[in-house]
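Residue numbers (the numbering used here), protein chains in the order written: chain A, 50 to 311; chain B, 5 to 582.
Shown next as structure tokens:
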């Protein structure tokens, strides 16, 4: 039948005959007191990404290897890892680009490790919630009155900062977060700005209480690594810089014109 | 035992919308979302093109209903469709008020684009990342409601049913491996579809039919499971979806001769500009079927990952592509090393969506008291034999909101759990504990079972089906259900044991596969996405009906039928392009 030619299993892609070694960070708290690196020999297939190589290990070599993944199209944000020392989405990092290897795969830096390549992300989830990432309004317009008008230019003002997939690569790359785990961090500040700059929102003042602090924006030293590694071009460094400018302007405004403060 | 008034299994669009509906309508109720991934990882995130709701002055609810019903080959329940189209605009507007970055017209009002099978433009969109923006908007908005609690990265292994009522779940906390009963007065299943039953799919790794199998095992019928949507345009090898919006913006499908082959399949005549309900804007089932016919004529192209055709959007120009289809360009560049501004995109049909699912009524209630479902996991049914593009995102909002309210009203009337529930939970905890201890054993690798399932499903339940192939595949799935009992698990660790989870997911998929094949086997007609080579015609006398697959332990499921609800649109011919 014709439909039988519709095969498309990842494992059935043409092999090149080559192999590559993956040196994978392993840590199982019940079995190991310290992390170890385990080497796996994996066939090289054209079109394979690092995640496909990990899946090959999981399926055929070692069922104990643990990591997160889901969409394999760069939008769910699950599969961020350190690949040869760089924070990458493993679904968007081609094996061919890393030959001849070995390829070192480690959990995202700056996070505690739950197991193997799985990092602990509750700190991030708490920070995300702390900036109130939802529309805040003094008064809700009834649905019957239709949409809030928002011109394409007003949308463009925050759209870039709404593209964050929470993959945490920017936290892994951020030297400040590495030293000061209390730092709110790039993705969360960008998210706060996403709402602050949304013409429908009136909650900037409330978010200010979290952001305009040492642990908020002021710890950022503008190294810019966050924007370098971002797979979605969110440019969190720009979000932070823009916030610093507006916050400073507000500070002077309050100083010079206390009657206008809000 | 932990306990909540309402438990929602699944934290995607439907689950989060349901949670917010509970929090808004019954703030005194305690609602918790149990999800095997952090909610923003849910597969809603991958939806691209948009969400349908009537907003243009020249559109009407009746047009939306007719497009949906004819698109579904008269299998949708028309009372459900009427409720759906009526509530759709309000739900999308609600998303706007919650901050969803809908694309706009110059005057600031919400913009709409056309989609396949649609008479008038009515698809709201947020660039070509609509599902991503909807999911993040819903998740972020859900954070402001105090009554909503979450169990992130908890994996459900069983529904607790006692005294004829669903009263909770048992779940594994992945971080610690602890297995725990969680009681509830009502449970809402929003776990999405099961594309991973097939080898070539747009679906994420997490789409394993968990909720469908949980309900099926609890005795709830699975409805219309034979209707599997093949999306006509997936990238070969990865199965990454290239949104229908490429075609609604004016993209063309070309065979190996550069010919717009859809004109040969009763889908209209080619015009340079997109024509609604015509050619490339025909419904997905018809377009995927046309691909197979074209393949049989030897007019497709051959690549390393099978046959394909070309999608041409070059004539749209870089500006339109960057503003309206930026994700398509990004996906092509990153995953295919192709720039659609200058090159053709290779595409082929790919398993995308389950029209079928857990049998529910128009409020999302299943026949089992206390158990509700919404989203792709459920079958209301508004999608019938073929879902229209951009109805699924709207569906998860409309029926997510409905099911949240219905479950809240139900839960508010219920007393707590009976004692038998705790005993049942303890039994399930012990069963999972035994599986941990079985780690490190010998036997077949899980990947072999999965491969067998993929082969069986593709050869039996593809775009065209036949009695012989369906029977053979059903036998194979039955064999695999035996073989999975003896698989080898390497991992006996409790901490984040993804191997045990994958083994349970595979057992869910085999159950769902069994229901798909049995339902397809019994339906001896062709309708929508279900095409039988041995029964090529639609048969309204015998099959204007929903199939209900009821699990029979140790045997093939019993298939029952329930008539379709017809209100105002008597069954007719599906006409596109003329």
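C-beta atoms are modelled at their ideal positions from N, C-alpha and C, and glycine is treated no differently. Everything numeric in this text was worked out from a predicted model, so none of it was measured.
- Interface criterion met: the Cβ of residue 96/A is under 8 Å from a Cβ in chain B.
- Assigned with DSSP and collapsed to three states, residue 279/A falls in coil, not helix or strand.
- A residue is called buried when at least 16 other Cβ atoms come within 10 angstroms of its Cβ; residue 183/A meets this threshold and is buried.
- Residue 280/A is not a Cβ neighbour of residue 102/A, given a cutoff of 8 Å.
- Sorting 71/B, 332/B and 526/B by C-alpha distance to the C-alpha of residue 124/A places 332/B at the top.
- Fully contained in the region 127 to 190 of chain B are the following beta strand (DSSP E) runs of length 3 or more, in chain order: 152 to 156, 158 to 166 and 169 to 177.
- At a cut-off of 8 Å, the C-beta of residue 220/A has no neighbouring C-beta in chain B.
- In the assembly as shown, residue 187/A is an exposed residue. Its beta-carbon has fewer than 16 other beta-carbons within 10 Å.
- Proximity of chain B to residue 275/A at the Cβ level (cut-off 7 Å) is not reached, the minimal Cβ distance being about 19 Å.
- Separation of residue 515/B and residue 258/A (C-alpha to C-alpha, rounded to the nearest whole angstrom) is 52 Å.
- Taking 8 Å as the CB threshold, residue 86/A stays off the interface with chain B.
- Residues of chain B whose Cβ lies closer than 9 Å to the Cβ of residue 147/A do not exist, since the nearest Cβ in that chain is about 16 Å away.
- For residue 325/B, the enclosing alpha helix (DSSP H) begins and ends at 321 to 328.
- By the neighbour-count criterion, in which 16 or more other beta carbons inside 10 Å mark a residue as buried, residue 224/B falls on the buried side.
- Contact between residue 115/B and residue 56/B does not hold, since the beta-carbon distance rounds to 13 Å and is not under 8 Å.
- Burial check for residue 323/B: the Cβ neighbour count within 10 Å stays below 16, so the residue is exposed.
- In the structure shown, residue 564/B adopts extended strand secondary structure according to DSSP, grouped into three states.
- Contact between residue 457/B and residue 201/B holds, since their C-beta atoms are separated by about 7 Å, short of 8 Å.
- For chain A, the residues of the region 477 to 503 of chain B that bring a beta carbon within less than 9 Å of one of its beta carbons are 492, 493, 494, 495, 496, 497, 498, 499, 500, 501, 502 and 503, in chain order.
- Identification of residues in the region 204 to 233 of chain B having a C-beta nearer than 7 Å to some C-beta of chain A yields 204, 208, 209 and 210, given in sequence order.
- A residue is called buried once 16 or more other Cβ atoms fall within 10 Å of its Cβ, and residue 303/A, having fewer, is exposed.
- Less than 8 Å separates the beta-carbon of residue 94/A from that of residue 65/A.
- Residue-level contact check: residue 238/A does not touch chain B, since none of the beta carbons of chain B fall below 8 Å from its beta carbon.
- For residue 238/A, same chain residues with a beta-carbon under 8 Å away, outside a window of 5 residues either side, are 180, 260, 265, 266, 269, 285, 288, 289 and 292 in chain order.
- Here DSSP, grouped into helix, strand and coil, assigns residue 73/B to helix.
- Within the model, the alpha-carbon separation for residue 79/B versus residue 543/B is close to 12 Å.
- Boundaries of the alpha helix (DSSP H) harbouring residue 303/A: 285 to 305, taken from the DSSP string.
- Under DSSP, residue 314/B shares a beta bridge with 258/B and 350/B.
- Annotation: the region 15 to 58 of chain B contains the following complete segments of the beta strand (DSSP E) (minimum length 3 residues), in chain order: 35 to 39.
- Taken in chain order, the unbroken stretches of beta strand (DSSP E) that lie wholly in the region 355 to 380 of chain B and span 3 residues or more are 361 to 363 and 375 to 377.
- Burial state of residue 512/B is buried, judged by a 10 Å Cβ sphere holding 16 or more other Cβ atoms.
- Excluding five sequence positions before and after residue 471/B, the CB atoms of its chain that fall closer than 6 Å to its own CB belong to 538, given in chain order.
- Beta-carbon to beta-carbon, residue 241/A and residue 278/A are separated by about 20 Å, too far to satisfy the 8 Å threshold.
- Residues of the region 81 to 102 of chain B with a C-beta less than 8 Å from any C-beta of chain A: 94, 97, 98, 100, 101 and 102, listed in chain order.
- Non-local C-beta neighbours of residue 562/B in its own chain, meaning closer than 8 Å and more than five positions away in sequence, comprise 553, 554 and 556, ordered along the chain.
- The contact set of residue 197/A on chain B, defined by CB atoms closer than 9 Å, consists of 100, 101 and 112 in chain order.
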